[in-house]
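One structure is given here, and the rest of the page talks about it.
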Amino acid sequence: MDGMKPAMENNAEENQDESQESKGCFECCIKCLGGVPYASLVATILCFSGVALFCGCGHVALTGTLTMLENHFSRVPSDHATLTNVVQILQYTIYGIAPFFFVYGIILLAEGFYTTSAVKDLQNEFKTSVCGRCITGMFVFLTYILGLAWLGIFGFSAVPVFLFYNMWTTCNAMKSEVVNITSPENICVDVRQYGVIPWSATPGKACGSTLNDICNTSDFYLSYHLYIVACAGAGATVIALIHYLMILAANWAYLKDACQTHAYQDIKTKDDQELTDVQSRSKEAINSYS
23 MDGMKPAMEN NAEENQDESQ ESKGCFECCI KCLGGVPYAS LVATILCFSG
73 VALFCGCGHV ALTGTLTMLE NHFSRVPSDH ATLTNVVQIL QYTIYGIAPF
123 FFVYGIILLA EGFYTTSAVK DLQNEFKTSV CGRCITGMFV FLTYILGLAW
173 LGIFGFSAVP VFLFYNMWTT CNAMKSEVVN ITSPENICVD VRQYGVIPWS
223 ATPGKACGST LNDICNTSDF YLSYHLYIVA CAGAGATVIA LIHYLMILAA
273 NWAYLKDACQ THAYQDIKTK DDQELTDVQS RSKEAINSYS
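Counted the way the working numbering counts, the sequence shown spans residues 23 to 312.
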């Protein structure tokens, strides 16, 4: 029995060490999770999703639109040469938007980690610098400008959705049994009136059964729905940038308060040190006289 006691004590000590080690890992995980800027993380995911939808769907939709116009509304290449150049410029712009916002989202997420650490370690030795606050203020201004730009992109991306919707409803009206149309061949869609192609383009419009056939093509169906998704992606990006703007404004205020708090603590520490020195000198003087 006496030989079993040391073994039991050793087992108890090992279990206690394991429990402390597991507790330490748990506390470390909780500390790491507490330092994650969840608001910035959500905004980053939303921004990446919106930009990806806008760039991917917009690129394919522009290609499908150009193909549809070449096949049905403007068969002479010189008539839609300007439109082809505009589409290429927009596609090259999309090539630049995607990597820029990928990098910008990562930078803002890193800034969120930095600010969260500054707030969490407010009472420790963590120091915020003037440069850090200036960088946060610069991000506030830049995000505000980008938000306005994406608001314009969101409005611009709604234009093709409106045009395709008009064409879609016209085709559905011709096929509807409720609407009594005596001469469907007189119902036309003229894309020249929207300024997409010049008035000299031939044929420039589609009527009746030809229009119905165009609405049933895969180019029209795919482009229409991709424009809708691209517009939704632009809207999601606008929401993400507004979310970023609120986060950055709050972070800038937190950093400013942290700087003022650290300045107050430094002054208080200096005053306490001076008071301690005065008391020490006073005690030394009293002891010398005694």
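A virtual CB, placed ideally from N, CA and C, is assigned to each residue, including glycine.
Computed from a prediction, not measured in an experiment: that's the story for all the values here.
Residue j and residue i - do their beta-carbons sit closer together than 8 Å?
i	j	result
L130	S62	yes
T224	V98	yes
L91	L112	no
F95	G226	yes
Y166	L244	no
I209	G177	no
G127	W274	no
F161	E133	yes
T106	W172	no
V213	I219	yes
F186	Y114	no
Leaving aside the five residues before and after residue i along the sequence, list all residues of the same chain whose C-beta is less than 8 Å from its C-beta, in chain order.
i	result
S179	F76, G80, Y249, A252, C253, A256
F4	Outside the displayed range of the chain (23 to 312) lies residue 4, so it cannot be described from this structure.
A74	A120, G255
I264	G169
E207	C229, G230, S231
L270	L130, E133, T158, F161, V162, T165
N93	D241
T137	P59, T158, N273, Y276, L277
Grab me the residues of residue i's own chain with a C-beta within less than 7 Å of its C-beta, minus the 5 sequence neighbours each way, in chain order.
i	result
A262	A65, L68, C69, G72
C193	L233, N234, C237
G174	none
I116	C77, G80, H81
M189	V211, C237
Y216	L185
S222	D101
T118	First, the residue type needs correcting, since residue 118 is Gly and not Thr in the sequence shown. Closer than 7 Å at Cβ, skipping near neighbours: no residue.
Where does residue i fall in DSSP's three states?
i	result
P182	helix
Here's a check: name, in chain order, each residue in its chain whose Cβ is nearer than 6 Å to the Cβ of residue i, leaving out the five neighbours to either side.
i	result
L88	V109
G86	D241, L244, S245
K197	none
P182	Y249
Is it the case that the CB of residue i approaches a heavy atom of the ligand MG more closely than 7 Å?
i	result
N93	The ligand MG is absent from the structure shown, which contains no ligand whatsoever.
For chain B, check one thing: does any of its Cβ atoms lie closer than 8 Å to the Cβ of residue i?
i	result
C77	The displayed structure is made up of one protein chain only, and chain B is not part of it.
Item to check | Entirely enclosed alpha helix (DSSP H) segments - the region 189-263, minimum 4 residues | outcome: You should have 230-237.
Checklist entry - Are the region 232-246 and the region 99-109 touching, with three or more C-beta to C-beta distances below 8 Å? => result No: fewer than three Cβ pairs fall under 8 Å.
Checklist entry - Does the region 115-126 touch the region 64-73, meaning 3 or more C-beta pairs lie closer than 8 Å? => result Touching, yes, given that three or more Cβ pairs across the two stretches are closer than 8 Å.
Item to check | Residue ranges of each alpha helix (DSSP H) within the region 85-146, 4 or longer | outcome: Those alpha helix (DSSP H) runs which fall completely within the region 85-146 and span 4+ residues are 103-142.
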